[in-house]
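Each residue of the sequence shown is one higher than the one before, starting from 5 at the first, in the numbering used here. Quick reminder that beta carbons are idealized off the backbone N, C-alpha and C, glycines included. Everything on this sheet refers to the single structure shown next.
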Amino acid sequence: GEVCTMINKKYSEFLPSMQSAEELVAQVERLAGSIDVLRARIESEVQRDLNVAVAEFTELKQQLERDTLVLSILKKLQEFDTAIKEYNAALLEKRYVVAAQQLEKARSSLKTLESRKGFELKILKALGTELTVQTQNMLYHLGEEWQRLVVWKLPPSKASSSLESVLASELHLCTVPSEEEIAGPPVASVLQAFAVLGELHTKLKAFGHLLLKHILKPLISYSSLWPSVEEQSEVVILRFKSEEPTLDNTSPVEVFEKIQQILEFLHKYLLNVPLECVDDKKERKVILSELLGDMIWEELSDCLIQNCLVNSIPTNSSKLEQYIEVIKSTEEFEKALKNMQFLKGDTTNLLKYARNVNSHFANKKCQDVIVAARKLMTSEIHNTVKISPDSSVVLPRLPDPGAGDHLEIEKTSKVLHNEIVILENESKLSQHTFSLPTCRISSSVEELMDLAYQTLLEATASTDQCCIQLFYSVRNIFQLFYDVVPTYHKENLQKLPQLAAIHHNNCMYIAHHLLTLGHQFRYRLTSILCDGTATFVDMVPGFRRLGMECFLAQMRVQKGEILERLSSARNFSNMDDEENYCAANKAIRQVLHQLKRLGKVWQDVLPVNVYCKAMGTLLNTALTEIVTRITALEDISAKDADRLYSLCRTMVEEGPQVFTPLPEEDKNKKYQEEVPLYVQKWMTFKELMIILQANLQEIVDQWADGKGPLAAEFSPMEVKSLIRALFQNTERRAAALAKIK
Numbered sequence: 005g006e007v008c009t010m011i012n013k014k015y016s017e018f019l020p021s022m023q024s025a026e027e028l029v030a031q032v033e034r035l036a037g038s039i040d041v042l043r044a045r046i047e048s049e050v051q052r053d054l055n056v057a058v059a060e061f062t063e064l065k066q067q068l069e070r071d072t073l074v075l076s077i078l079k080k081l082q083e084f085d086t087a088i089k090e091y092n093a094a095l096l097e098k099r100y101v102v103a104a105q106q107l108e109k110a111r112s113s114l115k116t117l118e119s120r121k122g123f124e125l126k127i128l129k130a131l132g133t134e135l136t137v138q139t140q141n142m143l144y145h146l147g148e149e150w151q152r153l154v155v156w157k158l159p160p161s162k163a164s165s166s167l168e169s170v171l172a173s174e175l176h177l178c179t180v181p182s183e184e185e186i187a188g189p190p191v192a193s194v195l196q197a198f199a200v201l202g203e204l205h206t207k208l209k210a211f212g213h214l215l216l217k218h219i220l221k222p223l224i225s226y227s228s229l230w231p232s233v234e235e236q237s238e239v240v241i242l243r244f245k246s247e248e249p250t251l252d253n254t255s256p257v258e259v260f261e262k263i264q265q266i267l268e269f270l271h272k273y274l275l276n277v278p279l280e281c282v283d284d285k286k287e288r289k290v291i292l293s294e295l296l297g298d299m300i301w302e303e304l305s306d307c308l309i310q311n312c313l314v315n316s317i318p319t320n321s322s323k324l325e326q327y328i329e330v331i332k333s334t335e336e337f338e339k340a341l342k343n344m345q346f347l348k349g350d351t352t353n354l355l356k357y358a359r360n361v362n363s364h365f366a367n368k369k370c371q372d373v374i375v376a377a378r379k380l381m382t383s384e385i386h387n388t389v390k391i392s393p394d395s396s397v398v399l400p401r402l403p404d405p406g407a408g409d410h411l412e413i414e415k416t417s418k419v420l421h422n423e424i425v426i427l428e429n430e431s432k433l434s435q436h437t438f439s440l441p442t443c444r445i446s447s448s449v450e451e452l453m454d455l456a457y458q459t460l461l462e463a464t465a466s467t468d469q470c471c472i473q474l475f476y477s478v479r480n481i482f483q484l485f486y487d488v489v490p491t492y493h494k495e496n497l498q499k500l501p502q503l504a505a506i507h508h509n510n511c512m513y514i515a516h517h518l519l520t521l522g523h524q525f526r527y528r529l530t531s532i533l534c535d536g537t538a539t540f541v542d543m544v545p546g547f548r549r550l551g552m553e554c555f556l557a558q559m560r561v562q563k564g565e566i567l568e569r570l571s572s573a574r575n576f577s578n579m580d581d582e583e584n585y586c587a588a589n590k591a592i593r594q595v596l597h598q599l600k601r602l603g604k605v606w607q608d609v610l611p612v613n614v615y616c617k618a619m620g621t622l623l624n625t626a627l628t629e630i631v632t633r634i635t636a637l638e639d640i641s642a643k644d645a646d647r648l649y650s651l652c653r654t655m656v657e658e659g660p661q662v663f664t665p666l667p668e669e670d671k672n673k674k675y676q677e678e679v680p681l682y683v684q685k686w687m688t689f690k691e692l693m694i695i696l697q698a699n700l701q702e703i704v705d706q707w708a709d710g711k712g713p714l715a716a717e718f719s720p721m722e723v724k725s726l727i728r729a730l731f732q733n734t735e736r737r738a739a740a741l742a743k744i745k
């Protein structure tokens, strides 16, 4: 029973909850049905209406955008039109700046129109053309106006740079104020209008070119020109008058003053015009003089440096002090130009150049020295001067390092000799150690040496930098001589024996001086040049070699000629044949003639010892050749022997007479007697002559068992060969031959 009750209870609780669940399901199904209906309606009707609305909205939006664009384009077209109208009105009233600004406005409107993508109007091309026409029209008016305000009166162009034509040139500037209310000179509005249109640069460049050519450069070139300004009622005129310069024409001070006058005149009547200038993204006011300055300053300052400052650099150090004036006036000139805004801030090349006077002084000095040296080197060698051991160059003695400024003059011996230094008991050098033998040198070389001394003297009085430069330019002189002279005078040195001798002397003379050249100046130079290199000694061997080589080359030429002449003597064989004898005789005569001529051209030129060695060597060449030819003969008849003897006698008698080292005849005897000292084969030749005249016994006696004079000159082979040629084959000859060994 209890169980039944429990089941009923549970059931009665279960039933209602089940019913409510079923109701819920039914509700949900109803709701789903109505949603389906709604969705179907939305998909069919609402969606369609919505699409229509969106399309309408988009269309309206595009319409609005189009209208806005059209409106802005119409606005720009209207702006363009207004600008062109205002431009025309302003141009009629000669309000040039306004007119130019309106043109630029029209230009910017047109630019905006052209930049609209997808909107190409046919009208734009027409507007562009209109704008171009109006711009050209405006530029034409401005050009006319500019030519009315700034008038150049120039002579016909052919005579552009002469003084007369400069005196006939004028520049007229109009002084009547313009219609426009613009600060500055009458020309201001025209120039500002040019600036607005971007054409100012071209106009100013042309003006600057004329200004340099007809006014500024002539003022720098002609010191007699002075600017003169004449003011009339409506115009001011700049022209030139000619006066004698007050200072020497190289003075930059006066030139600066004149250029400044011109620029002040231009500043007052033409250039004091402020301009709007856009640069580096900032707008700033620029004054016209600054623009012109930028264009012409470089050329103007170059011209001032080249034609004015360069010439004003002093040529000797004593005048360097006074140069302060020039530097000061250069500074003031620049300051004045900066005040007129013609120049910007930094120090210019002009002032740097003036301040750098010491270096320019040194450069100019060095250049002058080298130019002078080169001129001397290319002048004639044969103009000579005589120098002797007592020739000396007078040099101021430089103070010792510790001494005061007291300068003494001492004679410095100019000349040197290859004598061995003999130390006397007091260890002093012999007075001839530093002396040259008497000889002739080119006067140009003496002047060259003088130039070197003077330059070194100048160096010791100069600033350190200049001193170093001058010292090296003296070294350069000698380097230049070494390089230039042998090449420049090459042909003459080969052809003319006298020039070769003079060149030899020149080189020895220079070498001699180079030994002591640095020494006189050592205190001043060594302190500046590191490791005491104030010397020229290193150049000495080169110069000696240069002189020797040239002279030895000449000697080779002369030797060649002697051998050439002797080669026509038919080997000195068969002298009993008249024709052969004549040929040999002629050859001997020609050789003597050649030696005689040389003896003359070298006379008084070469130092005596060199002269005697040279002549001795050449005479020796002739004698050696004759000996060689005669000893080679295989058969010498008695008549041959006599004739050969007389030919040799001619050489021995006349040979020494070619030794004439000195112009005074009587003084040459001594050297002619000493000929055997200079001619190595002299005794050989004399012995050959004895053999040609001797009998067999005399020859054997001369040989004296290999101890006689003959043995000193000839070998046993040579003597035997001569005996066989001179004597017939007899028992006596055989006996004589046996003794020669």
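Assign residue i to one of three DSSP states: helix, strand, or coil.
i	result
Ile291	strand
Phe731	coil
Asn611	Here residue 611 is Pro; the residue named in the question, Asn, does not match the sequence. Pro611 falls in the coil class under three-state DSSP.
Leu324	coil
Lys245	strand
Thr352	coil
Ser232	strand
Ser227	coil
Val41	helix
Ile266	helix
Pro278	strand
Ser305	helix
Ile640	coil
Ser477	helix
Ser446	strand
Give me the residue from the options with the minimum Cα distance to residue i.
i	options	result
Leu714	Ala698, Leu521, Asn578	Ala698
Lys272	Arg152, Glu261, Pro256, Ile291	Ile291
Pro545	Tyr513, Gly202, Glu568	Tyr513
Val314	Leu355, Tyr585, Phe346, Val489	Leu355
Ile328	Lys617, Ser293, Leu497, Pro256	Pro256
Leu556	His508, Lys209, Leu730	His508
Ser572	Gly564, Met559, Lys590	Lys590
Phe260	Ile224, Ala94, Val361	Ile224
Leu648	Arg574, Ala57, Asp40, Val58	Arg574
Glu149	Leu95, His218, Ser232, Leu114	Leu95
Ser169	Val194, Arg728, Leu229, Ala130	Leu229
Val194	Tyr100, Arg34, Ala110, Leu214	Tyr100
Val155	Leu167, Ala110, Gly132, Glu238	Glu238
Leu666	Pro680, Ile703, Pro611	Pro611
Lys245	Pro190, Pro231, Pro393, Glu235	Pro231
Arg243	Trp301, Leu308, Glu27, Leu167	Leu167
Which whole-angstrom value describes the C-beta separation of residue i and residue j, a residue pair presumed to lie in contact below a C-beta threshold of 8 Å?
i	j	result
Val683	Gly620	5 Å
Thr464	Phe525	5 Å
Ile263	Leu220	6 Å
Cys511	Arg548	7 Å
Val277	Leu177	Going by Cβ atoms, the distance from Val277 to Leu177 rounds to 13 Å, so no, they are not a contact pair.
Ser293	Leu275	4 Å
7 Å is my cut-off, CB to CB: does residue i come that close to chain C?
i	result
Gln106	In summary, chain C is missing from the structure at hand, where a single protein chain is found.
### Task
Would you list, in sequence order, the uninterrupted beta strand (DSSP E) runs of no fewer than 3 residues that lie entirely inside the segment 155-224?
Qualifying beta strand (DSSP E) stretches, in chain order: 174-178.
### Query
Where are the alpha helix (DSSP H) runs, 4 residues long or more, that stay fully inside the segment 88-142, in chain order?
100-119
#### Entry: Three CB pairs or more closer than 8 Å across the segment 642-653 and the segment 570-587
Contact between the segment 642-653 and the segment 570-587 is present: three or more C-beta pairs spanning the two stretches fall below 8 Å.
### Task
Let me know the alpha helix (DSSP H) ranges lying completely inside the segment 656-740, each 4 residues or longer, listed in chain order.
673-677, 679-682, 686-697, 700-707, 713-717, 720-730
### Task
Taking only runs that begin and end inside the segment 361-400, name each unbroken alpha helix (DSSP H) of 4 or more residues, in chain order.
361-381
### the segment 611-631 in contact with the segment 652-665 per 3-pair CB rule at 8 Å
yes
### Query
Taking contact to mean at least 3 C-beta pairs separated by less than 8 Å, is the segment 487-502 in contact with the segment 471-478?
Too few Cβ pairs lie closer than 8 Å, so no.
### Message
Using 8 Å as the cut-off, can you tell me whether the segment 377-396 makes contact with the segment 332-349, which would need three or more C-beta pairs spanning the two stretches below that distance?
### Response
no
### Query
Which residue spans inside the segment 542-596 form an unbroken alpha helix (DSSP H) run of at least 4?
544-570
### Task
Would you check if there are 3 or more beta carbon pairs closer than 8 Å linking the segment 34-49 to the segment 69-81?
no
### Message
Using a Cβ distance threshold of 8 Å, determine whether the segment 135-153 contacts the segment 197-214, with at least three qualifying pairs required.
### Response
yes
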